[in-house]
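When you line the sequence shown up against our numbering, it's residues 490 to 745, in that order.
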Amino acid sequence: VLKGKTAVVTGSNSGIGLGIAKELARAGANVVLNSYTDDAADHKLAEDVAAEFGTEVRYIQADMSKPDQCRALIEKAGAYDILVNNAGIQHVAPIPEFPVEKWDAIIAINMSSAFHCTAAALPGMQKNGWGRVINIASAHGLTASPFKSAYVAAKHGVVGLTKVTALEEAGKGITCNAICPGYVLTPIVEKQIPDQMKTHNMSREDVIAKVMLERQPSGEFATVEQMGGTAVFLCSDAAAQITGTTISVDGGWTAM
Ligand code: NAD
Numbered sequence: 490v491l492k493g494k495t496a497v498v499t500g501s502n503s504g505i506g507l508g509i510a511k512e513l514a515r516a517g518a519n520v521v522l523n524s525y526t527d528d529a530a531d532h533k534l535a536e537d538v539a540a541e542f543g544t545e546v547r548y549i550q551a552d553m554s555k556p557d558q559c560r561a562l563i564e565k566a567g568a569y570d571i572l573v574n575n576a577g578i579q580h581v582a583p584i585p586e587f588p589v590e591k592w593d594a595i596i597a598i599n600m601s602s603a604f605h606c607t608a609a610a611l612p613g614m615q616k617n618g619w620g621r622v623i624n625i626a627s628a629h630g631l632t633a634s635p636f637k638s639a640y641v642a643a644k645h646g647v648v649g650l651t652k653v654t655a656l657e658e659a660g661k662g663i664t665c666n667a668i669c670p671g672y673v674l675t676p677i678v679e680k681q682i683p684d685q686m687k688t689h690n691m692s693r694e695d696v697i698a699k700v701m702l703e704r705q706p707s708g709e710f711a712t713v714e715q716m717g718g719t720a721v722f723l724c725s726d727a728a729a730q731i732t733g734t735t736i737s738v739d740g741g742w743t744a745m
């Protein structure tokens, strides 16, 4: 379905980004993987994904907290078909104690990088008359939880940016949508468990069942493959008139 298209997925050497990159490759797309590191393991990962799916896969290092590096990623990729803005970090603390540098980093990586990458990719998409921008927001782009001020603010911002991008590009063959995952068991979630255990004074099992999945009526984590399948759908012809909206993949979280 996506043969001949190239997808740039920010923050894709692990978790949801990697899961989306693999499903896009399975659908035939060439893929650019990215993170801020430049390790042998990153380039090996690109080789492995290429070997698994038989498409072209490159790894391009770029730090999504830096506007110029966001724009350089798109330039180096040299392709403007599919952009998945996925890079993201988390920090959990009450507002009075929330470290300023964490606030700035979360706003930069989780929200502003989507703006910079989109700004760099749109002219190429306009020239092609086809493009797909997929922003990985969150159930926290639609609802809130205590202790996640920067993350919730950034993800609500991403949902707003999604709508503006869609309006500006409507009728040009370019769509922009946000996928809003509920809890997916990836490294970003693993890392929250110790903090949540401290904040709530709970065991690991209780944090998973009573704090994380308590909000997710299915009682199950969503998977990275399900995020990838949703991204492939948004790239398909069936989704050509879906733009400026959010798709929740959250086991019913936002229905509550
Ligand atoms: P993850 O920690 O596995 O992945 C985050 C990715 O971003 C990694 O590849 C990491 O290397 C990359 N990254 C971090 N800082 C970067 C930087 N400065 N420059 C470039 N890349 C950077 O976590 P994940 O769960 O896969 O998260 C991916 C996205 O999905 C994030 O935007 C996150 O907010 C969102 N999300 C995750 C969940 C969940 O439950 N896991 C739920 C909702 C939304």
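Where is the CB? At the ideal position from N, CA and C, for every residue including glycine.
One or two residues paired with residue i in a DSSP bridge
i	result
Ser524	Gln550
Cys669	Ser737
Leu572	Val497 and Val622
Ala711	Val673
Thr688	For Thr688, which the question treats as bridged, DSSP gives no partner whatsoever.
Thr664	Arg621
Asn519	Thr495
C-beta atoms of residue i and residue j nearer than 8 Å
i	j	result
Asn575	Ile677	no
Val700	Val673	no
Phe587	Ser638	yes
Gly500	Ser524	yes
Val546	Ala561	no
Asn624	Thr651	yes
Contact set for residue i: own chain, Cβ-Cβ below 6 Å, skip 5 residues either direction
i	result
Leu702	Gly708
Trp742	Ala628, Gly671, Arg704 and Gln705
Gly618	Gly662
Tyr548	Leu522, Asp531, His532 and Ala535
Closer than 7 Å: residue i CB and nearest ligand 1 heavy atom
i	result
Asp528	no
Gly646	no
Tyr525	yes
Asn666	no
Val516	At residue 516 the sequence reads Ala, which differs from the Val that was named. Not under cutoff, so the answer is no.
Pro676	yes
Tyr672	yes
Met553	yes
Ala510	no
Ala539	no
Ile584	no
Ala609	no
Glu651	Just to set this straight, residue 651 is Thr in the shown sequence, not Glu. Every heavy atom of ligand 1 is 7 Å or more from the Cβ of Thr651, so no.
Ala603	no
Ile503	As written in the sequence, residue 503 is Ser, which differs from the Ile given in the question. Under cutoff, so the answer is yes.
Gly741	no
Asn519	no
Thr712	no
Close beta carbons around residue i, own chain, < 7 Å, minus the five adjacent residues each side
i	result
Gln681	Gln579 and Val581
Ile598	Met553, Ser554, Ala576, Gly577 and Ile578
Short CB-CB distance (under 8 Å) between residue i and chain D
i	result
Gly718	Although the question refers to chain D, the structure presented lacks it and comprises just one protein chain.
Other residues of its chain near residue i: CB distance less than 8 Å, five sequence neighbours each side excluded
i	result
Thr526	Asn502 and Gln550
Worksheet item: Any contact of the region 499-519 with the region 536-543, i.e. 3+ C-beta pairs under 8 Å?
Response: yes
Worksheet item: Do the region 682-693 and the region 644-654 meet, that is, are 3 or more Cβ pairs less than 8 Å apart?
Response: no
Worksheet item: Are three or more beta carbon pairs between the region 528-538 and the region 565-579 nearer than 8 Å?
Response: no
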